[in-house]
Amino acid sequence: GIVSFIAFYCLVIVFLCVQPFGCSWEMAIPKYTGRMTDWIIDDASPEAFSQAITIMTLMTIGSAVFEFVCDLVYNITMSLIHTSVQAAVFQAVLRQEIAFFDATPTGVLVSRITTDTNDMSEALSEDLSLLMWYTGRFAFLLFFMVSQSWKMTLLTCMGLPIIWVIPELTGHFHQSTAKKVQESLAKANQVATETFSCMKTVRSFANEDGETEKYRKRLEETYSLNKREAAAYAATTWANSITTLALKVCILYYGGTLVTRGAVSSGDLVSFVLYELQFTSAVESVMRYYPEVKKAIGASEKIFEYLDREPQKPPSGTLEPQVLKGHIQFKKVSFSYSGRSDENSLVLKDVSLEIKPGQITALVGLNRSGKTTCVKLLERFYQPQTGEILLDGKALHSYKDEYLHQKIAVVSQDCVLFARSVRENIKYGYEKATDEEMFAAAEQASAHQFIEKLPNGYDTDAGERGGQVSGGQKQRIAIARALIRKPKILILDNATSDLDVENEHQVRQTLMSLKKNCSVLMISNKMSAAKEADRILVLDNGVVTEDGSHQQLMERGGLYATLVEKQEKDVRRAHPTFSVQTIHLI
């Protein structure tokens, strides 16, 4: 926010003001050391010697204080940057279209938000801090060295190009390798995330060793890249050491010659050597931390890819009508997930259908016939290639996204609960709801009784992805989460598949009472559920082939009648003692 923005710039200004004082005071100490050397050689008075010691002591204390303040301000600034960047990346990811999440593994997203931002902030808080500090020392040392002897300074600087060339050459290698390391780590994280989230499947297929081997191979790839990176760093450090050692020998030899000629005093040579030692150390430090900062920049490129990425979806509309009837119309809608319009790619083909308010409309068909795709289009997760979807006579995309998701509630077969309390899950996205509204929604979803029996009632933690409750209980909580919003359009996508006959029957009764105030779209693989709908639409291979009531479709003897008869035969075969009425309930 604006407060963080102002705080950041205030801290940067303080840092830039304090750093020069810390550097300049510390750099003056070798100059007084040189003077003391001349005074000792020339037998100067004790008072001058004591005065120099006092000045050096004060400068040392002052420099230490300024350095402390500088480090404190810098680290606070970096913590602020880390928090802000991590929040910004999370927000940027949430803005992306659903197709982005389909194409990007969850482990990669988590790695970008956590691992990459942590690596970047650690490198910036330590390596960049030291790089800036030693760069400042480098500038001040160069100034004092010139003031002592420009000739020896020139000799010193002649060796710098060799020292600078090496990290520049290896810096690009570090940067490219760092990106590969981050990508490799993200892939390893994806394997771990996928394995842990599907642990029951892994265990049921006894594939623990297979997943371990897959994870080990990913780590071996990362290790191989880390070795290449370490080799480049070691070569850089070794070359820098050889170069600086040769430079020191040359400086001492040439400085001794200048002293014997009387061009500089012995104190000047001592001061210069002290400066040169610090100067070389500063150059080595700059060269050491420069590749690390380049590496951090390489790691941060993936982060800023997300920050800079514009969602590939049309902008949100502006309509927010006070009254919404919930009248839905598909007009010649065709859609494919790949974006191609050829016959083989289309999931929906020239679909036209209508869902009227005050009715329960059932959408049935074989698997992969396009039923769930219709729901995703209604939620604006994707856009149709051709045709249009109307809501109350206006184009769906003309409505504001937040408004649509407030008015449309969806319960899917694979419903997701968060690792939070049951109370928070039911009120998710509608936190202003009262407890009375929550209890009423839970009663309608046939969930109140079992929730009350949980260890902590509504405050019981549902576990990661709802792992602490059964499949049927999870579905009932998800239905309650949809009903508490009092939606104008309620969509149940096989939402009662895990419910027993009694609870499913109660949910159906709830739907019958709710249809007066909203449109209900029910997708179900159970033909017995579709029988009670006011209208039934049959999808076959992306095309609406039948439309009518249960009785009408049974008389036509088409796909719907075939599915109903097949399911009833399956039930009779599995339960030969069931009556016809019981079969119809199932």
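Following this note's numbering, the numbering of the sequence shown begins with 12 at its first residue and continues without gaps. The beta carbon of each residue, even a glycine, is placed where N, CA and C say it ideally should be. In this text the structure is predicted, and so the values were computed from the model without any measurement.
When burial is assigned at 16 or more other CB atoms within 10 Å of the CB, is Phe79 buried or exposed?
Exposed.
Select from Ser363, Asp472 and Glu447 the residue whose C-alpha is nearest the C-alpha of Asp558.
Answer by Cα proximity: Ser363.
Lys343 to Val555 span [Cα, whole Å]:
Linking Lys343 to Val555 through their CA atoms gives a straight-line distance of about 11 angstroms.
With Val344 as the anchor, note down where its beta strand (DSSP E) starts and where it stops.
Taken as a continuous stretch (DSSP letters only), the beta strand (DSSP E) holding Val344 covers Ile339 to Phe346.
Heavy atom of the ligand PLP less than 8 angstroms from the Cβ of Leu69, yes or no?
This structure lacks the ligand PLP, and indeed carries no ligand of any kind.
Have a look at Glu365, Gly398 and Lys313 and flag the residue whose alpha-carbon is nearest the alpha-carbon of Leu120.
With distances taken between Cα atoms, Leu120 lies closest to Lys313.
Option nearest Ser524 by Cα separation, candidates Lys497, Thr507 and Ile534
Considering only alpha carbons, the answer is Lys497.
Paired residues, beta bridge with Glu399 - DSSP
DSSP output for Glu399 lists Lys342 as bridge partner(s).
Just the Cα atoms here: how many angstroms apart are Asn552 and Arg239?
Taking the straight line joining both Cα atoms gives about 52 angstroms.
Arg546 versus Lys367 - alpha carbon distance
Approximately 9 angstroms between the Cα atoms of the pair.
Can you tell me whether Phe589 is helix, strand or coil according to DSSP?
Caution is warranted here: a pLDDT of 47 is assigned to Phe589, below 50, making its placement in the model unreliable, and no coordinate value can be reported.
Should Leu359 be labelled buried (16 or more other beta-carbon atoms within 10 Å of its own) or exposed?
Result: buried.
Determine the burial state of Met210: buried for a count of at least 16 other Cβ atoms within 10 Å of its Cβ, exposed for fewer.
Flag for Met210 reads exposed.
Whole-number beta carbon distance between Thr507 and Gln486, since they are thought to touch under 8 angstroms:
Contact between Gln486 and Thr507 holds: CB atoms are separated by about 7 angstroms, below the 8 angstroms threshold.
To the nearest angstrom, how far is the alpha carbon of Met143 from that of Arg272?
Distance between the alpha carbons of Met143 and Arg272 is about 39 angstroms.
Helix, strand or coil for Ala257 per DSSP?
Helix, per DSSP.
Can you give the beta carbon distance from Ala544 to Ile339, rounded, assuming they're within the 8 angstroms contact cut?
Rounded, the Cβ-Cβ distance is 15 angstroms, inconsistent with contact.
Contact check, Leu258 vs Gly170, beta carbons under 9 angstroms
The answer is yes: Cβ separation under 9 angstroms.
Take Thr125 as the anchor and find which of Asp138, Trp249, Phe111 and Val104 has the nearest alpha-carbon.
Its Cα nearest to that of Thr125, the residue Val104 stands out among Asp138, Trp249, Phe111 and Val104.
Same chain, Cβ closer than 6 angstroms to Glu365, neighbours up to 5 away in sequence not counted
Hits under 6 angstroms: Gln340.
If you follow the alpha helix (DSSP H) that Gly482 is part of, which residue opens it and which one closes it?
It spans Gly482 to Leu494 - the alpha helix (DSSP H) in which Gly482 sits, taken as one unbroken run.
Close Cβ partners of Phe283 (< 7 angstroms) along its chain, the five nearest in sequence each way excluded:
Excluding sequence neighbours, Phe283 sits near Met156, Gln159, Ser160, Met163 and Gly266.
In three-state terms, what does DSSP make of Tyr613?
Not covered by the structure: residue 613. The range shown for the chain is 12 to 597.
Option in Ala452, Thr204, Pro466 and Lys306 with minimal Cα separation from Thr188:
For the residues Ala452, Thr204, Pro466 and Lys306, the minimum Cα distance to Thr188 belongs to Lys306.
Taking DSSP as the reference, what is the three-state secondary structure of Lys42?
Helix, per DSSP.
Selection from His93, Leu288 and Ile500 that minimises the alpha carbon distance to Thr167:
Nearest C-alpha to Thr167: Leu288.
Could you check whether the stretch 430-439 touches the stretch 453-472, counting it as contact only if at least three pairs of C-beta atoms, one from each stretch, sit closer than 8 angstroms?
Output reads yes: the stretch 453-472 touches the stretch 430-439.
CA-CA distance, Lys228 and Leu389?
Linking Lys228 to Leu389 through their CA atoms gives a straight-line distance of about 42 angstroms.
Rounded to the nearest angstrom, what separates Glu448 and Gly568 at their Cα positions?
Straight-line Cα distance between these residues: approximately 44 angstroms.
Simplified DSSP state of Leu139, which is helix, strand or coil
Note: Leu139 maps to helix in three-state DSSP.
To the nearest angstrom, report how far apart Gln424 and Leu141 are at their CA atoms.
Looking at the two C-alpha atoms, the distance is approximately 54 angstroms.
Among the candidates Ile500, Ala541, Leu548 and Ser535, whose CA atom is the shortest distance from the CA of Lys527?
In terms of CA proximity to Lys527, Ile500 leads the group Ile500, Ala541, Leu548 and Ser535.
Do you know how far the Cα of Ala456 is from the Cα of Val518?
Each residue's Cα considered, the two are about 6 angstroms apart.
Per DSSP, what kind of secondary structure is Leu330 in: helix, strand or coil?
Here Leu330 sits in strand by DSSP.
Could you tell me the distance, in whole angstroms, from the CA atom of Glu442 to the CA atom of Tyr301?
Roughly 49 angstroms between the two C-alpha positions.
Measuring CA to CA, which of Ile40, Ser539, Val192 and Leu522 is closest to Ile66?
Taking only the C-alpha atoms, the option nearest Ile66 is Ile40.
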